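If you read the sequences in order, they're chains R and H.
If you want my numbering, it's the 1-based position in the first sequence plus 26.
Residue 118 in my numbering sits at position 120 of the second sequence, and the numbers go up by one each step.
Ideal placement from N, C-alpha and C gives every residue a C-beta, glycine not left out.
Only a predicted model underlies this, so the values are computations on that prediction, with no experimental measurement involved.
Everything on this sheet refers to the single structure shown next.
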Amino acid sequence: MSTFLQQLINGISLGAIYSLIALGYTMVYGVLKLINFAHGDVYMVGAFMGYYLANGLGARGAQAIGQSADGLIARGLLGSGAMEPSLITALVVMLLAMAICAALGVIIERFAYRPVRKYSRLTALITAIGVSLLLENGGQVVFGADPKFFPELFKKRNIDLFGGASINSADIIVLVIAIALMIGLQLVVFRTKTGRAMRAVSFNLQSAKLMGINTDRIIMFTFALGSALAAAAGVLVAIRIPRIDPLMGILVGLKAFVAAVLGGIGNIPGAVLGGLLIGITETMVVGYLSPTYKDAVAFAILILILLFRPSGLLGSVAQEKV
Amino acid sequence: MLKLENVSVNYGAIEALTGISMHVKEGEVVTLIGANGAGKTTTLRTITGLLEPRQGRVVFEGQDISGTPTHKLVARGISMSPEGRGVFANLSVRENLQMGAYLNKDKKKVAADMERAFTMFKRLKERESQKAGTLSGGEQQMLAIGRALMSNPRLLLLDEPSLGLAPLVVHTIFEAIDEIRGKGTTILLVEQNAHAALGHSDRAYVLETGRIVMEGPSKELAADPRIKEAYLGE
């Protein structure tokens, strides 16, 4: 029972992060019918931006590879810089990383995807893979290929729960921030005029144009929003597991993509549900089967969903009435 | 008000329109008739900026609008009810109408315009909060026209509003077209139903494989033996 509870808590925390990334896949797919394979790498850039900002803001930087994350945490924090590690620092770091990645998303859309939009979807897909490779290899050049250790932004401690499980304060904070971001997104998409325009663009691009919607601007905004969420996920992951490297986005990006497909690509609540399911399944497999299968499980789910319910759990096949 | 000068449009290597010239005067109802694939929809899509002409120009109220993005043309007073209606199936009837007023920031005016749409199409009022995807074809067509009117256009383009509808519903739609015209909106109507289109318009153009082959007052064309044979089935 305690294993189950523990894995469930871990799974929800991990799943919330997958959800945040999956939202970006699903929103971009909604407006452009494009699988933005560079999205996972935007998440990586978000983590690195968080790393540099956190160090710049004065939280204590972790040193080099070879030291275990636990060791770093045990040695405590309290940096030499201007700002003390605190929740506020963490939030500022996250928000700035989100802003930078929003700009990155806009640049990617404007200079990589928009020029090829008038060609086939395959062209766009190959372009996306190209952008992904560019970010991964560019990241190795700019950030260095060695893993870096994310500074501790606030003091973590374990809180014991009933049944012998415990929850780390970092997990609680990650979960709270992730939920807050998802609620915020929901408000933007369903309560604002821009959100209504986003939904119109995803239902029918041509009709949206005929309503007077500047669809290019809406597509750009969608990229900014999705990329910002990916950056938040990057920072949140680094808070949970403070080891970051330029290729960290590949596997997580693919899993988040699976989460989006599982929930029904193009469907916003679906992305959240898919992310949580993938996260929980993954930690359950780790807890009850073997950590070896940790990464395989998402892809097994992908194969099953494509075989039995290709439209995803919440996705529906659009029907047009004549 | 609207003028097409020697406009040619291509889909890749295929020429869909070959140097067509036509005009619509303020207050007129002009219809464009022709068979499937003649280039009627292409003409409307070119006017609304969804397609760009390979040569020639589109002039609206004295200004060259060829290549202007669609959303800017909507702001200038051109609106279209597209082929296949293009309603937002997942949005309610009311939300669809709101989308039509996307550029209008005056909430009172939008509310008044919505009332006007509901007065014109009472069926829409009954279905106000229903998802547009659950409406019948005729109701969707009413919604598409009502939505196009929400931007208060000076020029309204209608692409095959009677397509696939029962005769009684077709009658309702054409009554609405008369009503819209009565309120001073200029209309360019594309139709395969030549009989109804000629009966509800001032002038007509006949399009055949991307070329305008005939033009004139609708009454005269309706009496023309060639039109009678090819388009009116008499």
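Would you verify that the beta carbon of residue i is, or is not, closer than 9 Å to some beta carbon of chain H?
{"i": "glutamine 232 (chain R)", "result": "yes"}
{"i": "lysine 59 (chain R)", "result": "no"}
{"i": "alanine 226 (chain R)", "result": "yes"}
{"i": "aspartate 172 (chain R)", "result": "no"}
{"i": "alanine 223 (chain R)", "result": "yes"}
{"i": "aspartate 242 (chain R)", "result": "yes"}
{"i": "glycine 97 (chain R)", "result": "The predicted model places glycine 97 (chain R) with a pLDDT of 40, which falls under 50 and marks its position as unreliable, so this point remains unresolved."}
{"i": "lysine 219 (chain R)", "result": "yes"}
{"i": "glycine 87 (chain R)", "result": "Bear in mind that the predicted position of glycine 87 (chain R) carries a pLDDT of just 42, short of 50, making it too unreliable to give a figure here."}
Any beta-carbon of chain R closer than 9 Å to the one on residue i?
{"i": "asparagine 8 (chain H)", "result": "no"}
{"i": "glycine 144 (chain H)", "result": "no"}
{"i": "proline 159 (chain H)", "result": "no"}
{"i": "tyrosine 203 (chain H)", "result": "no"}
{"i": "serine 90 (chain H)", "result": "no"}
{"i": "methionine 20 (chain H)", "result": "no"}
{"i": "glutamate 93 (chain H)", "result": "yes"}
{"i": "serine 216 (chain H)", "result": "no"}
{"i": "methionine 78 (chain H)", "result": "yes"}
{"i": "glycine 84 (chain H)", "result": "yes"}
Can you pull the chain R neighbours of residue i, defined as C-beta to C-beta under 9 Å?
{"i": "valine 72 (chain H)", "result": "Lys235, Leu236, Met237, Gly238 and Ile239"}
{"i": "leucine 101 (chain H)", "result": "Met237, Gly238 and Ile239"}
Is it true that the CB of residue j sits closer than 9 Å to the CB of residue i?
{"i": "glycine 301 (chain R)", "j": "isoleucine 61 (chain R)", "result": "no"}
{"i": "isoleucine 175 (chain H)", "j": "leucine 156 (chain H)", "result": "yes"}
{"i": "glutamate 137 (chain H)", "j": "arginine 152 (chain H)", "result": "no"}
{"i": "alanine 264 (chain R)", "j": "glycine 131 (chain R)", "result": "no"}
{"i": "leucine 262 (chain R)", "j": "leucine 46 (chain R)", "result": "yes"}
{"i": "isoleucine 209 (chain R)", "j": "tyrosine 77 (chain R)", "result": "no"}
{"i": "isoleucine 199 (chain R)", "j": "isoleucine 35 (chain R)", "result": "no"}
{"i": "histidine 69 (chain H)", "j": "isoleucine 245 (chain R)", "result": "no"}
{"i": "lysine 23 (chain H)", "j": "leucine 205 (chain H)", "result": "no"}
{"i": "isoleucine 291 (chain R)", "j": "glycine 341 (chain R)", "result": "yes"}
{"i": "leucine 89 (chain H)", "j": "alanine 226 (chain R)", "result": "yes"}
{"i": "serine 195 (chain R)", "j": "phenylalanine 175 (chain R)", "result": "no"}
{"i": "glutamine 166 (chain R)", "j": "leucine 315 (chain R)", "result": "no"}
{"i": "proline 268 (chain R)", "j": "proline 177 (chain R)", "result": "yes"}
{"i": "glycine 338 (chain R)", "j": "asparagine 293 (chain R)", "result": "yes"}
{"i": "alanine 258 (chain R)", "j": "leucine 207 (chain R)", "result": "yes"}
{"i": "glycine 279 (chain R)", "j": "serine 158 (chain R)", "result": "yes"}
{"i": "threonine 44 (chain H)", "j": "arginine 209 (chain H)", "result": "no"}
Can you pull the chain R neighbours of residue i, defined as C-beta to C-beta under 7 Å?
{"i": "leucine 48 (chain H)", "result": "Gln232 and Lys235"}
{"i": "threonine 68 (chain H)", "result": "Lys235 and Leu236"}
Could you give the C-beta distance for residue i and residue j, rounded to a whole number, given that I count them as a contact under 8 Å?
{"i": "tyrosine 203 (chain H)", "j": "glutamate 189 (chain H)", "result": "11 Å between Cβ atoms; not a contact."}
{"i": "glycine 289 (chain R)", "j": "alanine 297 (chain R)", "result": "5 Å"}
{"i": "valine 167 (chain H)", "j": "asparagine 191 (chain H)", "result": "Contact doesn't hold; Cβ gap of about 12 Å is too wide."}
{"i": "serine 127 (chain H)", "j": "arginine 92 (chain H)", "result": "6 Å"}
{"i": "serine 19 (chain H)", "j": "asparagine 34 (chain H)", "result": "Serine 19 (chain H) to asparagine 34 (chain H), Cβ: 23 Å. No contact."}
{"i": "methionine 224 (chain R)", "j": "valine 119 (chain R)", "result": "Not really, about 28 Å apart at Cβ, beyond 8 Å."}
{"i": "alanine 154 (chain R)", "j": "alanine 64 (chain R)", "result": "6 Å"}
{"i": "leucine 186 (chain H)", "j": "leucine 30 (chain H)", "result": "7 Å"}
{"i": "leucine 236 (chain R)", "j": "methionine 78 (chain H)", "result": "5 Å"}
{"i": "isoleucine 171 (chain H)", "j": "proline 159 (chain H)", "result": "5 Å"}
{"i": "methionine 310 (chain R)", "j": "glycine 41 (chain R)", "result": "About 11 Å; that fails the 8 Å criterion."}
{"i": "proline 215 (chain H)", "j": "arginine 201 (chain H)", "result": "6 Å"}
{"i": "valine 108 (chain H)", "j": "arginine 52 (chain H)", "result": "That pair is no contact at about 38 Å."}
Against residue i, what residues of chain H qualify as contacts under a CB-to-CB distance less than 8 Å, listed in chain order?
{"i": "alanine 150 (chain R)", "result": "Within 8 Å Cβ-Cβ: nothing; alanine 150 (chain R) doesn't reach chain H, min ~18 Å."}
Could you name the residues of chain R that residue i contacts, counting a contact when the two beta carbons are closer than 8 Å?
{"i": "glycine 98 (chain H)", "result": "Met237"}
{"i": "serine 149 (chain H)", "result": "Met237 and Gly238"}
message: Does the contact criterion of 3 or more C-beta pairs under 8 Å hold for the stretch 270 to 290 of chain R versus the stretch 320 to 327 of chain R?
response: Below 8 Å, enough C-beta pairs join the stretch 270 to 290 of chain R and the stretch 320 to 327 of chain R to call them touching: three or more.
message: With three or more C-beta pairs closer than 8 Å as the rule, is the stretch 131 to 146 of chain H touching the stretch 69 to 85 of chain H?
response: Cβ pair count under 8 Å is three or more, so yes.
- prompt: Is the stretch 95 to 102 of chain H in contact with the stretch 145 to 154 of chain H, if contact means three or more CB pairs nearer than 8 Å?
  reply: With the cut-off at 8 Å, the stretch 95 to 102 of chain H and the stretch 145 to 154 of chain H touch.
message: Is it the case that the stretch 122 to 141 of chain R contacts the stretch 59 to 77 of chain R, given that we only count it when at least three CB pairs across the two stretches are under 8 Å?
response: When Cβ pairs closer than 8 Å are counted between the two stretches, the stretch 59 to 77 of chain R is seen to touch the stretch 122 to 141 of chain R, the count reaching three or more.
query: Is there contact here, the stretch 129 to 149 of chain R with the stretch 247 to 255 of chain R, by at least three beta-carbon pairs under 8 Å?
result: The stretch 129 to 149 of chain R, when compared against the stretch 247 to 255 of chain R, does touch it at the 8 Å Cβ threshold.
query: Looking at C-beta atoms only, is the number of pairs between the stretch 34 to 53 of chain H and the stretch 62 to 81 of chain H that lie closer than 8 Å three or more?
result: Under the Cβ criterion (8 Å, minimum of three pairs), the stretch 34 to 53 of chain H counts as touching the stretch 62 to 81 of chain H.
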